[in-house]
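In my numbering, the protein residues as written are 241 to 389.
We treat Cβ as the ideally placed atom computed from N, Cα and C, and that holds for glycine.
First the structure, in the form of structure tokens, and then the observations on it.
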């Protein structure tokens, strides 16, 4: 009788432990988060831009969705122009001319009436309630705006 119970218990315990696919899924999910990125395609780092408009183009490995969409693993873009990053656990504020929410799921934006000078631009991907994804999904470029067309 004891041998029969052991013979029955062993296969059941193996079934209860699962096949290891759960571990694979967690590892794959962690790899996706670690490899998440956003890239400022334009303006390019070190660029000299003539005129008063800054055309920004972004690329991201994170699925970009409209603000308010709380689907895990997705987000939307925010741009900082000569502005400091906000704390990681707080929503990104809107500051006209320096912190922009791209809540329409777009990957392009144009800053208007930009004065000549040196600039730092930071792109951040945040979740549906504007809190930056963790780990940070961010890119930074510096460029110079010169007068002229």
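Between residue i and residue j, is the Cβ-Cβ spacing less than 8 Å?
i           : j           : result
residue 349 : residue 373 : no
residue 280 : residue 354 : no
residue 369 : residue 378 : no
residue 304 : residue 323 : no
Would you say the beta carbon of residue i comes nearer than 7 Å to a heavy atom of the ligand MG?
i           : result
residue 386 : Absent from the structure shown: the ligand MG. Ligands present: none.
In angstroms, rounded to a whole number, what distance separates the CA positions of residue i and residue j?
i           : j           : result
residue 282 : residue 300 : 13 Å
residue 386 : residue 351 : 15 Å
residue 325 : residue 360 : 11 Å
residue 345 : residue 312 : 15 Å
residue 321 : residue 292 : 14 Å
residue 342 : residue 375 : 20 Å
Can you have a look at residue i and say buried or exposed, based on whether 16 or more other CB atoms are within 10 angstroms of its CB?
i           : result
residue 366 : buried
residue 382 : exposed
residue 357 : exposed
residue 315 : buried
residue 298 : buried
So residue i packs on residue j, CB below 8 Å; how close in whole Å?
i           : j           : result
residue 317 : residue 347 : 7 Å
residue 330 : residue 371 : 7 Å
Can you find a C-beta in chain C that's less than 8 Å from the C-beta of residue i?
i           : result
residue 368 : The chain inventory of the structure shown lacks chain C, comprising one protein chain alone.
Margin query: I want to know whether the stretch 274 to 292 touches the stretch 330 to 343 - three or more CB-CB distances under 8 Å.
Written below: no
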